[in-house]
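So the sequence lines, in the order shown, correspond to chains A and B. Quick note: the first sequence uses this note's numbering, first residue 1, plus one each step. Quick note: the second sequence uses this note's numbering, first residue 1001, plus one each step. Notes to accompany the following structure.
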Amino acid sequence: GEDVEQSLFLSVREGDSSVINCTYTDSSSTYLYWYKQEPGAGLQLLTYIFSNMDMKQDQRLTVLLNKKDKHLSLRIADTQTGDSAIYFCAESNSNSGYALNFGKGTSLLVTP
Amino acid sequence: SAVISQKPSRDICQRGTSLTIQCQVDSQVTMMFWYRQQPGQSLTLIATANQGSEATYESGFVIDKFPISRPNLTFSTLTVSNMSPEDSSIYLCSVDQGVGTEAFFGQGTRLTVV
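See below:
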């Protein structure tokens, strides 16, 4: 299947901004998602963006999409220790019946 | 948003036995999916649960091992059959309203096979 790639680890200081990056290969990707998974918990949908959008902002979260480069990023402003979690990038398209294809997840560690 | 209740939340099972996981949604949904998350790994789609017909399985997953039911638009079950330690994973139910709408996940079932 098509690939979704993420860096595995990111460490930031509390109060700084975090930027988590994701690349994908499927040019027919229609929707791109960011999920958060805390230890022992399920997946929490943070935000998603349609492929004809460049940017989406929701409070501390900013999603940027470069469709030409197939690059997606999630910026978390004023990162807090409660933001420490694994962040998954995922894409979906009509070919997969809109099931999600996930990256391996980026483990974000926020230090005081 | 859809509220998804998955049961059981966790279980420890003997090898060779089977476990049925339930997924109940608080509203009718178009699409229901089952995913597996092996320890330290990402999520892999097992199958799409189709209402009133056989599930559509992804490569590497078969009906005999993972039978799925979806009797209506709010409920689905996944059975993990003849379990082995390699089946130890988190199993997650996901729903959306189709056409790339928001996809929501249950809390998952953490399965350990001993």
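Quick reminder that beta carbons are idealized off the backbone N, C-alpha and C, glycines included.
Check, Outcome
"Going by C-alpha distance, which of B:Ser1027, B:Arg1015 and B:Arg1070 is nearest alanine 1047 of chain B?", "B:Arg1070"
"Roughly how many whole angstroms lie between the Cα atoms of cysteine 22 of chain A and leucine 64 of chain A?", "10 Å"
"Which class does threonine 81 of chain A belong to by DSSP, given the choice of helix, strand or coil?", "helix"
"So who's on the other strand from aspartate 1096 of chain B, going by DSSP bridges?", "B:Met1031"
"Restricting to Cα atoms, I'd like to know which of A:Ser28, A:Trp34, A:Ile20 and A:Thr62 is closest to glycine 97 of chain A.", "A:Ser28"
"Closest to glutamine 1006 of chain B by C-alpha separation, out of B:Ser1018, B:Phe1033, B:Glu1054 and B:Ser1053, would be which residue?", "B:Phe1033"
"Quick one: using the 10 Å Cβ neighbour count with 16 as the cut-off for buried, is glutamate 38 of chain A buried or exposed?", "exposed"
"Between phenylalanine 954 of chain B and chain A, is any beta-carbon pair separated by less than 9 Å?", "Absent from the model: residue 954 of chain B. The displayed extent of chain B is 1001 to 1114, so no value can be given."
"Please give the ranges of any beta strand (DSSP E) in the stretch 49–82 of chain A, keeping only runs that are unbroken, at least 3 residues long and fully inside the region.", "55–58, 61–66 and 71–76"
"Suppose contacts are defined by Cβ-Cβ distances below 9 Å. Is valine 4 of chain A in contact with isoleucine 76 of chain A by that definition?", "no"
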